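What follows is a set of notes on a single structure, which appears directly below.
In my numbering, the protein residues as written are 39 to 164.
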């Protein structure tokens, strides 16, 4: 099962890092990256996105607000929030985000989240 993902981060160097991680992962389609969260909602409405990896602190809307907007959609993607502020993990839990990754993240952190998603998706198909 290929997992369709998008990544959102207003820091270009971190967006490049996550692009590199996804580019080298088998079975993961990085559909698009965004530096602003506002455009993500429209993209998700028009494209089959399984997972959204998003920074929390951004200038337009926060990753938490983005997750809330995506959650309203009929076929909402799993949202993974990322931040260097550990206290946001509680916020991620409160809004029922799929997961939280503390920055600086590693390839292992991203891979674990993708594997968890695949495992849960496989169980739903049984």
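For each residue, glycine too, the CB sits at the ideal point set by N, CA and C.
Since the model is a prediction, treat every value here as computed from it, not as a measurement.
Run of the alpha helix (DSSP H) containing residue i, from where it starts to where it stops
{"i": "residue 58", "result": "50 to 61"}
{"i": "residue 151", "result": "145 to 163"}
{"i": "residue 99", "result": "That residue, residue 99, is in no alpha helix (DSSP H); it is neither H nor E in DSSP."}
{"i": "residue 83", "result": "76 to 84"}
Residue span of the beta strand (DSSP E) that contains residue i, given as start and end
{"i": "residue 121", "result": "116 to 121"}
{"i": "residue 70", "result": "66 to 72"}
{"i": "residue 93", "result": "89 to 93"}
Own chain residues within Cβ distance below 8 Å of residue i, not counting five before or after
{"i": "residue 120", "result": "47, 91, 92, 93, 94, 101, 138, 139, 140, 141, 143"}
{"i": "residue 155", "result": "41, 88, 89, 116, 136"}
Three-state secondary structure (DSSP) of residue i
{"i": "residue 135", "result": "coil"}
{"i": "residue 130", "result": "helix"}
Residue i Cβ short of 7 Å to the ligand SAM heavy atom set
{"i": "residue 121", "result": "This structure does not include the ligand SAM; it has no bound ligands of any sort."}
Residue environment, residue i, which counts as buried when at least 16 other CB atoms sit within 10 Å
{"i": "residue 96", "result": "buried"}
{"i": "residue 108", "result": "buried"}
Beta-carbon contacts of residue i that lie in its chain and below 7 Å, excluding the five residues immediately before and after
{"i": "residue 151", "result": "118, 137, 139"}
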